[in-house]
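Engineer: Got a structure for you, written out below as structure tokens; questions coming shortly.
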Amino acid sequence: MDLTPRVDYFGSFDPCRVPSPCFVIDEIALRDNLELLADVQKRSGAKVLAALKAFSMFSSGPIVAEYLSGTCASGLYEAKLGFEEYGGRHLGKEVHVFSAGYKDEELREILQFAHHVIFNSFSQWKRYRDMCLDMQKQRPELRFGLRINPEHSEGHTDLYDPCAPCSRLGIVRSLFEDESLQGITGLHFHTLCEQDFKPLQRTIVAVEEKFGDLIPQMEWINFGGGHHITRRDYQVDELVEAVRDFASKYDVQVYLEPGEAISLFAGILVAEVVDIAWNGENQAILDASATCHMPDVLEMPYRPEITGASRPGELPHSYRLGGQSCLAGDSIGEYSFSQPLRIGERLVFEEMAYYTMVKTNTFNGIPLPAIALWNSDSDDLKMIKTFGYEDFKERLS
């Protein structure tokens, strides 16, 4: 996996220009990704949707809407965001919604504006079918689909594998027996996480083996997300060919739902050293927290890269970095630096656009990072939002 940026977007950025902690998104990097995705869309005939679960900085919504066909959501709130901020209301961009389980009042609202509504079980579809088809009479553009589970795992981490044994996501083939597909016009599958084309290629084979008899009955097939299309070594031409072949073979519209690929290489998290301590090894306390600001560090887990730092022992000065919270395990990882860290020094965590802002929390009353939009061509910097005590307080009661 080559996660080397195509361009060193943040090489000239001064982290002291923003408050700390702060997420900084580069508009140019974002546009570079979107241009590549738009090219895939044009050449393959697929419609590419931005998966808001990964990156939903809605101030960038108008930029995303310039390039892609719409958004996909995991529930009511993301769907409304796509409709209101990503061109759904005013530009006619598509809004697709999948949920593992809809509540009645949520679905009623979703049906007012969404284009595709995808169900996770026959139980939910049969419960809401009449409501859906009644609304379709008022909004003929409405389409309904089912999420299928091809029982084909490509995931490398159980937490992110929707096809793991006994997964709650998707309908396995055996459950389609004796079920009516009246009103269903599409199928959705998702097996990938941060992967290239080959796992998708194998998944398509598995889907055809299990659901090939149903596909010709459909108008559209959604290949889900997890596609690292904007990565340097992604096999873009092979993806384009596979989509075109599939669409031609079955006469269906193919959808892709990249999430990380939208903002890959496009964001950093600026943090500040607030204390230096020692307990068996050097410790540095930051105003950025793993558990509050980058929880995948603990959940996945993984070790984020820091600009100019290396693995422990590779450079002269090694530290274990952690956050301000009281969680004993709020550790970001071990790093080494060419010079001793100083209180007040700024550090830059790389690859912090996706699955970071959407997962931040205020555990322990730790402040949320500010959000800034930067343009690496013009050097223009815009503070989008800062957070304070009221943002913490208003989430509670």
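For the sequence shown, the working numbering gives the first residue as 6, with consecutive numbering after it. C-beta: ideal position from N, C-alpha, C; glycine also. Here the structure is a predicted model, which is why all the values come from computation and not from measurement.
1. Quick one, are the C-beta atoms of Ile30 and Ala358 less than 8 Å apart?
2. Taking Ile311 as the reference, which of Ser330, Glu304 and Tyr324 has the closest Cα?
3. Across which residues does DSSP place Phe4 in a beta bridge pair?
4. Could you tell me which residues DSSP puts in a beta bridge with Arg1?
5. Do Val257 and Ile209 have their CB atoms nearer than 8 Å?
6. Can you look up Lys58 in the DSSP assignment and give me helix, strand or coil?
7. What are the residues that DSSP puts in a beta bridge with Cys297?
8. Taking 8 Å as the cut-off, decide whether the C-beta atoms of Ala169 and Ser179 are in contact.
9. Would you check if the distance between the CB atom of Leu174 and the CB atom of Arg148 is smaller than 8 Å?
10. State the start and end residues of the unbroken alpha helix (DSSP H) segment that holds Thr208.
11. Measuring alpha carbon to alpha carbon, tell me which of Lys203, Phe181, Gly285 and Gly150 ends up nearest Glu224.
12. Name the two residues that bound the continuous beta strand (DSSP E) containing Gly150.
13. Just confirm the distance between the C-beta atoms of Ser341 and Leu320, as a whole number of angstroms; I'd bet it's less than 8 Å.
14. By the three-class DSSP mapping on this structure, what secondary structure does Asn227 have?
15. Which residues in the same chain have their Cβ closer than 7 Å to the Cβ of Ala275, if we skip the five residues on either side of it in sequence?
16. Taking 8 Å as the cut-off, decide whether the C-beta atoms of Leu81 and Ile123 are in contact.
17. Could you tell me which uninterrupted beta strand (DSSP E) segments, each at least 3 residues in length, are contained entirely in the stretch 106-148, listed from first to last along the chain?
18. Contact between the stretch 295-311 and the stretch 361-369: three or more CB pairs below 8 Å?
19. Can you say whether Arg36 is buried or exposed, counting buried as having 16 or more other CB atoms within 10 angstroms of its CB?
20. Three-state secondary structure (DSSP) at Glu159?
21. If you reduce the DSSP assignment to three classes, tell me which class Asn38 lands in.
22. Find out if the Cβ-Cβ distance for the pair Cys70, Leu42 is shorter than 8 Å.
Structural biologist: According to the data block:
1. Yes; because the gap between Cβ atoms is below 8 Å, this pair is in contact.
2. If we check each option's Cα against that of Ile311, Tyr324 comes out closest.
3. The structure shown does not extend to residue 4, since the chain spans only 6 to 402, so no value can be given for it.
4. Outside the modelled stretch of the chain, which goes from 6 to 402, sits residue 1, for which no answer is possible.
5. Val257 is not a Cβ neighbour of Ile209, given a cutoff of 8 Å.
6. Three-state result, Lys58: coil.
7. Residue pairing for Cys297: DSSP places it in no beta bridge.
8. No, they are not a contact pair.
9. No; because the gap between Cβ atoms is not below 8 Å, this pair is not in contact.
10. Thr208: member of the alpha helix (DSSP H) spanning Phe202 to Phe216, first to last residue.
11. Checked all of Lys203, Phe181, Gly285 and Gly150; the closest Cα to Glu224 is Gly150.
12. Following the DSSP letters along the chain, one finds Gly150 inside the beta strand (DSSP E) bounded by residues Arg148 to Arg152.
13. Right, the Cβ-Cβ distance comes to about 4 Å (below 8 Å), so this counts as a contact.
14. Of the three classes helix, strand and coil, the one that applies to Asn227 here is strand, per DSSP.
15. In the sequence under discussion, the amino acid at residue 275 is Val, which differs from the Ala named in the question. Excluding residues within five positions, the ones whose Cβ falls inside 7 Å are Pro20, Val23, Ser25, Pro26, Cys27, Val29, Arg351 and Val353.
16. No.
17. List check, beta strand (DSSP E) in window: 121-124.
18. Yes, the stretch 295-311 touches the stretch 361-369.
19. Its Cβ being crowded by 16 or more others within 10 Å, Arg36 is buried.
20. DSSP, reduced to helix, strand and coil, places Glu159 outside both helices and strands of the structure shown, so it counts as coil.
21. Here DSSP, grouped into helix, strand and coil, assigns Asn38 to helix.
22. Cys is not the amino acid found at residue 70; the sequence shown has Ala there. For Ala70 and Leu42, no; Cβs fall outside 8 Å.
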